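My numbering applies: residue 2 is where the sequence shown begins, and numbers increase by one. Where is the CB? At the ideal position from N, CA and C, for every residue including glycine. Being a predicted model, the structure only gives us computed values, none of them experimental. Okay, so here's the structure we're looking at.
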Amino acid sequence: MKSLLITFCLLASHAILPGALANSLKIEFTADDTFSIEVARVEVGDKVEWLPTNDGHNVEFLAGPEKFLAPKKSDIDAHYSLVFTVPGVYIYRCTPHGDSGMLGLVIVGNDFHNLERIKNIKLSHVATSVLQRLIKIAESNKI
Ligand SMILES: [Cu+2]
2 MKSLLITFCL LASHAILPGA LANSLKIEFT ADDTFSIEVA RVEVGDKVEW LPTNDGHNVE
62 FLAGPEKFLA PKKSDIDAHY SLVFTVPGVY IYRCTPHGDS GMLGLVIVGN DFHNLERIKN
122 IKLSHVATSV LQRLIKIAES NKI
């Protein structure tokens, strides 16, 4: 009976734990020179992973909230991941295809406080129009 009780307690704690752990979101490089999730929404502490599912792409952060120091861009065709600890809007691109619009946004903690700054980033004409489309998507999904 005692061991049954212990088993039950272990099962119960396992049932509760996953919800408390940080999540991980996976984004793929597509054959169409885009990121599979262009507007990613995550919570503070979540990890985003970029998977080199197609050749010739990488991840290069352009901007984020004030305290964010953009990490070194990833190598082409490399797996990459980042844990987001500061709420706000982040923009990144693929270095070779950024000018043709291979961009992504990460919205952390449903926080849009630095959106104006992101909107004013200097990009190519095509990338600017892609960014405007992504911002519309992000704003329409605001909680
Ligand atoms: Cu690319």
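* Could you check if Ile7 is buried or exposed, using at least 16 other CB atoms within 10 Å of its CB as the buried criterion? => Along the sequence shown, read from residue 1 onward, the residue named residue 7 stands at position 6. Note that Ile7 scores a pLDDT of 45, beneath 50, so its modelled location is shaky; the value from the coordinates is reported in the next line. The residue is exposed, with fewer than 16 neighbouring Cβ atoms inside 10 Å.
Which runs of the alpha helix (DSSP H) spanning at least 4 residues fall entirely within the stretch 95-127, listed in chain order? 116-120
Residue(s) in a DSSP beta bridge with Lys27: What you label residue 27 is simply residue 26 of the sequence shown in a count that begins at 1. According to DSSP, Lys27 bridges with Glu50.
- prompt: Looking at C-alpha atoms only, which residue of Arg42, Ser37, Asp33 is the closest neighbour of Asn24?
  reply: Along the sequence shown, one-based indexing puts residue 24 at 23. With distances taken between Cα atoms, Asn24 lies closest to Arg42.
- Message: So, for Lys74: in the same chain, excluding its five sequence neighbours on each side, which residues have a beta-carbon less than 8 Å away from its beta-carbon?
- Response: As a working mapping, residue 74 is identified with position 73 in the sequence shown. So the list reads Asn59, Val60, Glu61, Phe62, Thr96, once near-sequence residues are dropped.
Whose CA, out of Tyr93, Val45, Val131, lies closest to the CA of Gly110? As a working mapping, residue 110 is identified with position 109 in the sequence shown. Here the closest residue by C-alpha is Val45.
Q: Tell me whether Pro154 counts as near ligand 1, meaning its Cβ is closer than 6 Å to at least one heavy atom of that ligand.
A: Residue coverage of the chain in this structure runs from 2 to 144, which leaves residue 154 outside it and unanswerable.
Distance between Ser130 and Ser101 (C-alpha atoms, nearest Å)
Stepping through the sequence shown from its first residue, residue 101 is reached at position 100. Stepping through the sequence shown from its first residue, residue 130 is reached at position 129. Taking the straight line from one Cα to the other gives about 10 Å.
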